[in-house]
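Heads up: the sequence lines are chains D and B, in that order.
Under my numbering, the first residue of the first sequence is numbered 1, with each subsequent residue one higher.
Under my numbering, the first residue of the second sequence is numbered 262, with each subsequent residue one higher.
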Amino acid sequence: MKNEKKVDYKKDKKRLDGRKMDELRPIKIDVGVIPNADGSAYLEWGQNKVYAAVYGPREALPKHSADPLKAVVKVEYRMTSFSVPQRKRPGPNRRDQEISKVLGEALAKTIFVEQFPNTEIGVYVEVVDSNAGSRVACLTAASCALADAGIPMRDMVSATGIGKAFNELVVDLNKDEEDAPDAVDIPIGILPNSEEIVLLQLDGLLTIKEWEQVSKMGVKSCKNVYEIQKQALKKKFELGDAGKKIVELKEDKTVKKKVKK
Amino acid sequence: MRSTILESEIQKVIALAREEKRIDGRKLDEMREIKIETGMSENAEGSTIVTLGKTKVIAGLKMDIGTPYPDNQDEGSISIGAENLPLAHADYESGRPGNDEVELARVVDRAIRESKAIDFKKLCIIEGEKVWIGYLDFYTLNGDGNLFDAGSIASLITFNNAKMPKLDSENKIILHEYSGKLKLSRQPLLTTFVKVGGKILLDPTFIEEKSAEARFSVGTTEDGFISAMQKGIGGSFTFEEINKMIEIAFKNSEKIRKQIAKI
Chain D
1 MKNEKKVDYK KDKKRLDGRK MDELRPIKID VGVIPNADGS AYLEWGQNKV YAAVYGPREA
61 LPKHSADPLK AVVKVEYRMT SFSVPQRKRP GPNRRDQEIS KVLGEALAKT IFVEQFPNTE
121 IGVYVEVVDS NAGSRVACLT AASCALADAG IPMRDMVSAT GIGKAFNELV VDLNKDEEDA
181 PDAVDIPIGI LPNSEEIVLL QLDGLLTIKE WEQVSKMGVK SCKNVYEIQK QALKKKFELG
241 DAGKKIVELK EDKTVKKKVK K
Chain B
262 MRSTILESEI QKVIALAREE KRIDGRKLDE MREIKIETGM SENAEGSTIV TLGKTKVIAG
322 LKMDIGTPYP DNQDEGSISI GAENLPLAHA DYESGRPGND EVELARVVDR AIRESKAIDF
382 KKLCIIEGEK VWIGYLDFYT LNGDGNLFDA GSIASLITFN NAKMPKLDSE NKIILHEYSG
442 KLKLSRQPLL TTFVKVGGKI LLDPTFIEEK SAEARFSVGT TEDGFISAMQ KGIGGSFTFE
502 EINKMIEIAF KNSEKIRKQI AKI
């Protein structure tokens with residue numbers, strides 16, 4: 001920390017980057033950015049920049065990985081070597097493996113996996129720039145990519161970081177806040193319509209009371225993320241003016257035909 | 262191993278090539294459109310996304326401090342890596358870089374290294390002890406062939422725009438602070454061709470690469486030097502064909518250099 005002065009969010013009423021305690025960093029989502037993929041999304045969340053792509057349902061490989069009762073959701077979370085301040089060695093590390101596992105489990109809950117026995121749904125997320133919260137950014141992007149791929153889902157998955165920094169409860173911690181002496185980092189992902197929790201991790205020390213308070217802030221923020229996801233998907237799939245006209249014309253014809261009959 | 266390419270598609274590409282036609286309507290010596298974006302990764306010392314038709318790669322550079330090689334005590338170095346991400350094509354597998362990716366990275370590396378565009382002596386911090394090592398890694402985000410040229414363009418631009426990290430009094434990197442740029446004295450670029458149905462095609466797509474009997478890449482500089490060559494895949498070329506490709510490569514790379522200079 002460059003800041004020598006003691007930072008105390010309770011007194012300052014404002015965060016180091018000027019945000020309110022329950023304010024998310026700016027989020028931008030583009031759907032359908034990787035032409036080869038069945039579904040894809042690019043997401044910017046503050047400084048975090050991630051790509052997500054979905055392939056499948058397709059033949060499960062290796063063959064013994066197939067499940068005769070449902071699709072296997074395979075998630076791979078990776079970071080490019082230059083996405084972090086200190087160069088990351090290529091190849092997955094233990095952190096990448098753990099994140100891949102929990103993200104896969106979070107998504108498996110929402111996908112109708114029982115509709116696609118013996119197949120795999122490959123979800124690949126790549127972080128190209130990062131500043132705390134890349135896993136929730138990836139989960140949010142992956143959920144958009146799955147929707148783009150037309151994979152049947154019970155709900156979207158919307159995620160955010162919540163926790164504590166500099167003596168106050170906050171949402172969406174950035175790197176400076178994650179490095180605070182009292183930092184508590186809680187990545188949380190929910191199904192926004194049913195409020196079921198599908199991703200939950202915690203690093204740090206928190207009282208029950210603080211948890212009750214901050215989890216409420218988390219649900220609210222996830223719902224905000226959900227709205228951004230919906231807008232991004234609508235932007236791709238909503239008809240433009242030309243498309244709307246074609247539909248109108250088609251509808252007119254059917255009306256006329258019925259009248260003739 | 263996954264393969265989503267059908268044999269019938271390959272036969273179609275070969276039949277078209279024999280009539281000097283391409284599946285996307287390009288001329289045999291026509292390059293696809295190139296789009297360039299830079300500086301997307303704030304944590305990198307330089308970063309570039311190059312879109313070549315539907316092929317898309319992202320390159321990023323991290324400067325690190327290492328020890329010099331025993332035979333070059335006063336020289337730093339560069340290291341280039343390439344990875345075909347499984348998100349970029351249904352046929353790409355995850356895991357350690359395979360032979361194709363290692364070859365790809367090494368050819369892109371050679372074109373830049375051997376052109377002497379980067380003065381390794383200037384990357385020396387303390388002779389025999391501390392030198393700069395530039396780790397450039399590029400990743401395929403959407404794979405539609407000719408990763409050699411896309412990777413080469415992305416790597417060159419990334420080096421061109423690279424900021425040098427600032428060092429403290431003990432020669433340790435101060436994060437997020439920079440002093441000056443890495444200067445390149447030449448602009449080497451790879452140009453890649455494949456031979457399909459006996460014809461030479463510039464800038465092959467994924468399906469054209471799968472249909473190819475041979476591949477050739479040549480690194481050229483703006484001042485008339487060849488800095489790297491690589492013949493790939495089973496087939497062969499005549500000397501006449503090689504010389505013709507080198508000639509096209511010099512002309513074609515000049516156009517790309519003009520586009521790069523505009524950034």
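All C-beta atoms in this analysis are idealised placements derived from N, C-alpha and C, irrespective of residue type, glycine included.
No experiment lies behind these values; they were computed from the predicted model shown.
Query raised in the report: At which residue ranges does the stretch 316-374 of chain B contain complete beta strand (DSSP E) runs of 3 or more residues, listed in the order of the chain?
Result: 316-327, 338-345
Report task. Just the C-alpha distance for A180(D) and N167(D), rounded to the nearest angstrom, thanks. Result -> 9 Å
Query raised in the report: What separation, rounded to the nearest whole angstrom, lies between the Cα atoms of G327(B) and M79(D)?
Result: 22 Å
Query - At least three beta-carbon pairs within less than 8 Å, the stretch 35-42 of chain D to the stretch 398-405 of chain B - result: yes
Query raised in the report: According to a CB-to-CB cut-off of less than 8 Å, which residues of the stretch 296-326 of chain B neighbour chain D?
Result: M301, S302, E303, N304, A305, E306, S308, K315, K317, I319, G321, L322, K323, D325
Requested in this report: Using a cut-off of 8 Å between C-beta atoms, extract the partners of S81(D) located in chain B.
Outcome: G321, K323, G342, Y396, D398
Requested in this report: Spell out the partners DSSP gives L462(B) in its beta bridges.
Outcome: V455(B)
**Report entry** Helix, strand or coil at E431(B) [DSSP, three-state]
**Finding:** coil
Query - Neighbour list for E178(D) in chain B, Cβ cutoff strictly below 8 Å - result: Here the premise fails: no neighbours, minimum Cβ distance about 15 Å.
Requested in this report: Indicate whether R87(D) and K323(B) have their beta-carbon atoms separated by less than 8 Å.
Outcome: yes
Query raised in the report: What is the rounded straight-line gap between the Cα of L61(D) and the Cα of E120(D)?
Result: 8 Å
Query raised in the report: Which same chain residues, not among the five before or five after Q115(D), have their C-beta less than 7 Å away from its C-beta?
Result: P152
Requested in this report: Determine, using beta carbons only, whether E362(B) and N345(B) come nearer to each other than 8 Å.
Outcome: yes
Query raised in the report: If you compare alpha carbons, which of R25(D), D17(D), A41(D) is closest to V234(D)?
Result: Note that residue 234(D) is Lys in the sequence shown, not Val. The residue with the shortest Cα to Cα distance from K234(D) is A41(D).
Query raised in the report: Alpha carbon to alpha carbon, what distance is there between K444(B) and F420(B)?
Result: 8 Å
**Report entry** Proximal residues of chain D, C-beta to C-beta of P347(B) below 7 Å
**Finding:** E76, G122, Y124
Query raised in the report: Taking Cβ positions only, does A351(B) come closer than 8 Å to chain D?
Result: yes
Query raised in the report: To which residues of the same chain is I509(B) closer than 6 Å at the C-beta, ignoring the five residues directly before and after it?
Result: D290
Query raised in the report: To which residues of the same chain is T312(B) closer than 6 Å at the C-beta, ignoring the five residues directly before and after it?
Result: K296
Query raised in the report: With a CB to CB cut of under 6 Å and the five nearest residues on each side skipped, what residues in its chain are close to P449(B)?
Result: A372, I373, S376, A378, G480, T482, S488
Requested in this report: Pick helix, strand or coil for S413(B), following the three-state DSSP scheme.
Outcome: helix
Query raised in the report: Alpha carbon to alpha carbon, what distance is there between N118(D) and A66(D)?
Result: 5 Å
Requested in this report: Check whether the Cβ atoms of S415(B) and T309(B) sit closer than 8 Å, and answer yes or no.
Outcome: In the sequence as displayed, the identity of residue 415(B) is Ala instead of Ser. Contact: yes.
Requested in this report: Measure the Cβ-Cβ separation of L139(D) and A159(D) and say whether it is below 8 Å.
Outcome: yes
Query raised in the report: Just how far apart, CA to CA, sit E210(D) and A137(D)?
Result: 24 Å
Query raised in the report: Near V369(B), what residues of its chain come up, given a Cβ to Cβ distance below 8 Å and the 5 sequence neighbours on each side ignored?
Result: I341, A343, F399, F409, G412, S413, S416, L451
Report task. Would you tell me roughly how many angstroms separate the C-alpha atoms of T207(D) and I99(D), rounded to the nearest one? Result -> 25 Å
Query raised in the report: CB-CB under 6 Å to R279(B), same chain, minus the five flanking residues each way: which ones, in chain order?
Result: G458
Requested in this report: Mind listing, in chain order, the continuous alpha helix (DSSP H) runs of no fewer than 4 residues lying wholly within the stretch 187-237 of chain D?
Outcome: 208-237
**Report entry** Neighbourhood of L281(B) by C-beta, 8 Å cutoff - its chain only, sequence neighbours within 5 removed
**Finding:** In the sequence under discussion, the amino acid at residue 281(B) is Glu, which differs from the Leu named in the question. Within the same chain, E281(B) has close Cβ partners L289, K460.
Query - Residues from the stretch 39-50 of chain D in contact with chain B, defined by Cβ distance under 7 Å - result: Q47, K49
Query raised in the report: CB S143(D) to CB V157(D), shorter than 8 Å?
Result: yes
**Report entry** Cβ shell of E126(D) (< 7 Å), same chain only, five flanking positions each side left out
**Finding:** V50, Y51, R78, T80
Report task. Could you name the residues of chain B that D129(D) contacts, counting a contact when the two beta carbons are closer than 7 Å? Result -> M301, S302, E303, N304
Query raised in the report: If we count Cβ pairs, one from each stretch, closer than 8 Å, do we get three or more for the stretch 486-505 of chain B versus the stretch 427-446 of chain B?
Result: no
Query raised in the report: What number of angstroms, rounded off, separates the C-alpha of K245(D) from the C-alpha of E238(D)?
Result: 13 Å
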